[in-house]
Amino acid sequence: MPPIPLDHDPIPEDSAAERGFLTPLFAKVPATTGKAELLPGLDLAWTVSLDRATVRADLQVRGLPIWSTTFDADNLSRHFTGNQGLFKEDIQLDVDLAKGEVTLSGVVCVLSPTGWQCHRFPPEVLIAWSPTLGAVGGEILAHPPVITDPVYGTSNSIVPTITRIPVDTVSRIGTPVGSLVKTALFPQAPDFLFNVCFAVGPFLPFLPGAYGDPTSPWFNVFAGYYEIDCPKPAWDRPLGYRLTTPTPTVDFDEVLRIGKADWNFFSNWMYGVPRDIVDLYVPPDPGVRTEHLGRRTIARSTWDLVDIDGFSAVTAYESHAEGAARLVENTPLTPAWRLTYGEPRPRSEYTKSFPGANMRAQLYMAFSEDEAMFRTYLFGGTVNKTFDGPPNADLLERQMAAVAEVMTAHYPALGFPLPST
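So the mapping is simple: my numbering equals the position in the sequence shown, first residue as 1, plus 935.
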């Protein structure tokens, strides 16, 4: 079937209006909330904002707030002393927005018939959450690529900051997606951090979008960039590379697994695709074609350009046909995820939910390292091969041009050094 144009007007070429409209929402809406018991009757309640840039903490005595504070990048540590009659405390709270952790230390005392009974808390992580506030090249602000197609409109991205998901087995409130990816796709690998900025096909906030529309070439397609942080000494190389001589070589198997992690779990499982359907697309695909297209110079650096063609991923399409599988609330963040991709778009002629898609990706790749970390950078675009032909090739070319513009404007120092002359 030939692609059918979207049934709403194309989004303006610059989606900054939508991003600006929703930024206050991301800053104020609670994405993750919880309560940690310090002693019976004394709790620390906490809330992480949707943009993951602030954490509010409230000390509660039998449910009544005694004091509260908000942590952000300029206020990551607070020392508290107080006496509420039944309790008194001398505690320190430290917040790490990047790791998604709150550490508590100090002394809390409770009044008993025989006097004050005091409990000392050694420095320990009291709260952990996911996703967290991420960064690419040290910058937390997101710079999504803008791709304009003359027929299908302009891409959209409304997330104002880089999203970071720890891929580990730590118990985290918010979403367990990092541990699902660790178990399903990287069981033998050490822990790492996945940082992402992405743009998808056209949508208007709170309305259906092209990402879940099987009639659009934007179906299951996104463009953007990653930074994969691999801490030393657990890692002795960057993810996606082998440190061969004389030059490092791309590990296509790992790059494919990162792609499957992103589509199947970080995107579509979080969107609400049932886990049993997601799992069908975890195994390696036969016949995937991988090609290293050489080094390319962008801004002040060089990059490996790679092409990966013919891998499968689940889609987020939901049919409303009788008996069709439906989206589920996999996490409390699932509604927010749908907000950032566009709401579902059922089509009467497509009666099966969550079909697989055959995908192609092109990526600019490079890595860096310091004393603490290997960092792999990937900037690229994708297409759904159902729509293969000149328009699809043009869409991929536009995506690659758009990410190159982002690299030049915002990340000129990333990548490999230019050859000396």
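All C-beta atoms in this analysis are idealised placements derived from N, C-alpha and C, irrespective of residue type, glycine included. Predicted model, so just to flag it, every value in this text is computed and none were measured.
Buried versus exposed, by CB contacts within 10 Å (16 or more), residue i
{"i": "residue 1162", "result": "buried"}
{"i": "residue 1181", "result": "exposed"}
{"i": "residue 1132", "result": "buried"}
{"i": "residue 913", "result": "This structure cannot speak to residue 913, because the chain is shown only from 936 to 1356."}
{"i": "residue 1014", "result": "exposed"}
{"i": "residue 1210", "result": "exposed"}
{"i": "residue 1090", "result": "buried"}
{"i": "residue 1343", "result": "exposed"}
{"i": "residue 1037", "result": "buried"}
{"i": "residue 1020", "result": "exposed"}
{"i": "residue 1279", "result": "buried"}
{"i": "residue 1336", "result": "exposed"}
{"i": "residue 975", "result": "exposed"}
{"i": "residue 1253", "result": "buried"}
{"i": "residue 963", "result": "For residue 963, the pLDDT reaches just 49, beneath the cut-off of 50, and the residue's location in the model is therefore unreliable, leaving the point undetermined."}
{"i": "residue 1353", "result": "exposed"}
{"i": "residue 1024", "result": "buried"}
{"i": "residue 1274", "result": "buried"}
{"i": "residue 1179", "result": "exposed"}
{"i": "residue 1173", "result": "buried"}
{"i": "residue 1066", "result": "buried"}
{"i": "residue 912", "result": "Not covered by the structure: residue 912. The range shown for the chain is 936 to 1356."}
{"i": "residue 1134", "result": "buried"}
{"i": "residue 1246", "result": "buried"}
{"i": "residue 1325", "result": "exposed"}
{"i": "residue 1018", "result": "exposed"}
{"i": "residue 1346", "result": "buried"}
{"i": "residue 1022", "result": "buried"}
{"i": "residue 1157", "result": "buried"}
From the options, residue whose alpha carbon lies closest to that of residue i
{"i": "residue 1120", "options": "1319, 1178, 1195, 1158", "result": "1195"}
{"i": "residue 1285", "options": "1193, 1148, 1089, 1078", "result": "1148"}
{"i": "residue 1093", "options": "1314, 1104, 1183, 1138", "result": "1138"}
{"i": "residue 1313", "options": "999, 1125, 972, 1189", "result": "1189"}
{"i": "residue 1350", "options": "1041, 1332, 1299, 1330", "result": "1299"}
{"i": "residue 1057", "options": "1248, 1028, 1087", "result": "1028"}
{"i": "residue 1169", "options": "1309, 1071, 982, 1001", "result": "1309"}
{"i": "residue 1159", "options": "1333, 1192, 1237, 1203", "result": "1333"}
{"i": "residue 1331", "options": "1297, 1346, 1311, 1352", "result": "1297"}
{"i": "residue 980", "options": "998, 1115, 1080", "result": "998"}
{"i": "residue 893", "options": "1204, 1265, 1040, 1114", "result": "An answer regarding residue 893 cannot be provided, because it is not within the stretch 936 to 1356 covered by the chain."}
{"i": "residue 972", "options": "992, 987, 984", "result": "992"}
{"i": "residue 1221", "options": "994, 1165, 1293", "result": "1293"}
{"i": "residue 1257", "options": "1236, 1273, 1281", "result": "1281"}
{"i": "residue 1248", "options": "1084, 1237, 1213", "result": "1213"}
{"i": "residue 1184", "options": "1218, 1085, 1069, 1226", "result": "1226"}
{"i": "residue 1215", "options": "1229, 1230, 1228, 1199", "result": "1199"}
{"i": "residue 1127", "options": "1165, 1355, 1186, 1295", "result": "1165"}
{"i": "residue 985", "options": "1271, 1290, 1233", "result": "1271"}
{"i": "residue 1192", "options": "1203, 1219, 1171", "result": "1219"}
{"i": "residue 1030", "options": "1187, 1017, 1004, 1348", "result": "1004"}
{"i": "residue 1002", "options": "977, 1203, 1114", "result": "977"}
{"i": "residue 1123", "options": "1146, 1141, 1104", "result": "1104"}
{"i": "residue 1266", "options": "1315, 1316, 1205", "result": "1205"}
{"i": "residue 987", "options": "1068, 1304, 1081", "result": "1068"}
{"i": "residue 1011", "options": "995, 1034, 1238, 1000", "result": "1034"}
{"i": "residue 1233", "options": "1223, 1348, 1264", "result": "1348"}
{"i": "residue 1151", "options": "1355, 970, 1321", "result": "1321"}
{"i": "residue 1082", "options": "1329, 1355, 1229, 1345", "result": "1329"}
{"i": "residue 1032", "options": "1055, 1064, 1230, 1022", "result": "1064"}
{"i": "residue 1304", "options": "1140, 1276, 1167, 968", "result": "1167"}
{"i": "residue 1217", "options": "1115, 1230, 970, 1009", "result": "1115"}
{"i": "residue 1263", "options": "1203, 1142, 1187, 1315", "result": "1203"}
{"i": "residue 1224", "options": "1236, 1235, 1187, 1277", "result": "1187"}
Presumed contact (8 Å Cβ cut-off) between residue i and residue j, rounded CB distance
{"i": "residue 1096", "j": "residue 1062", "result": "Actually they do not touch by this definition, with Cβ atoms about 20 Å apart."}
{"i": "residue 1078", "j": "residue 1318", "result": "So it is not a contact: roughly 22 Å between Cβ atoms."}
{"i": "residue 1288", "j": "residue 1261", "result": "7 Å"}
{"i": "residue 1201", "j": "residue 1129", "result": "7 Å"}
{"i": "residue 1006", "j": "residue 982", "result": "So it is not a contact: roughly 11 Å between Cβ atoms."}
{"i": "residue 1042", "j": "residue 1053", "result": "5 Å"}
{"i": "residue 1087", "j": "residue 1136", "result": "7 Å"}
{"i": "residue 1155", "j": "residue 1250", "result": "5 Å"}
{"i": "residue 1207", "j": "residue 1269", "result": "5 Å"}
{"i": "residue 1080", "j": "residue 1338", "result": "5 Å"}
Chain C contact for residue i (CB, 9 Å cutoff)
{"i": "residue 1237", "result": "Chain labels in this structure do not include chain C; a single protein chain is all it has."}
With three or more beta-carbon pairs closer than 8 Å as the criterion, would you say the stretch 1097-1112 touches the stretch 1039-1053? Using a C-beta cut-off of 8 Å, the stretch 1097-1112 makes no contact with the stretch 1039-1053, since fewer than three inter-stretch Cβ pairs fall below that distance.
Between the stretch 1098-1105 and the stretch 1238-1248, can you find at least three pairs of beta-carbon atoms closer than 8 Å? No, the stretch 1238-1248 does not touch the stretch 1098-1105.
What residue ranges within the stretch 1147-1218 form continuous beta strand (DSSP E) runs of no fewer than 3 residues, ordered along the chain? 1157-1166, all fully within the stretch 1147-1218.
Extract the residue ranges of the beta strand (DSSP E) inside the stretch 958-1006, only unbroken runs of 3 or more that lie entirely within it. DSSP assignment within the stretch 958-1006 yields the following whole beta strand (DSSP E) runs of 3 residues or more, N-terminal first: 965-974, 977-984, 990-996, 999-1006.
With a floor of 4 residues, list each alpha helix (DSSP H) that falls wholly inside the stretch 1108-1149, ordered by position along the chain. For the stretch 1108-1149, the full-length alpha helix (DSSP H) segments reaching 4 residues or more read 1112-1120 along the chain.
At what residue ranges does the stretch 1212-1279 contain a whole run of the alpha helix (DSSP H), taking only runs of 4 or more? Segments of the alpha helix (DSSP H) lying fully in the stretch 1212-1279: 1269-1276.
Taking the runs of the alpha helix (DSSP H) that are 4 residues or longer, which of them lie wholly in the stretch 1044-1118? Taken in chain order, the whole alpha helix (DSSP H) runs of length 4 or more contained in the stretch 1044-1118 number zero.
Whole beta strand (DSSP E) runs in the stretch 1284-1350 with 3 or more residues, listed along the chain? Listed in chain order, the beta strand (DSSP E) runs fully inside the stretch 1284-1350 are 1291-1304, 1308-1319, counting runs of at least 3 residues.
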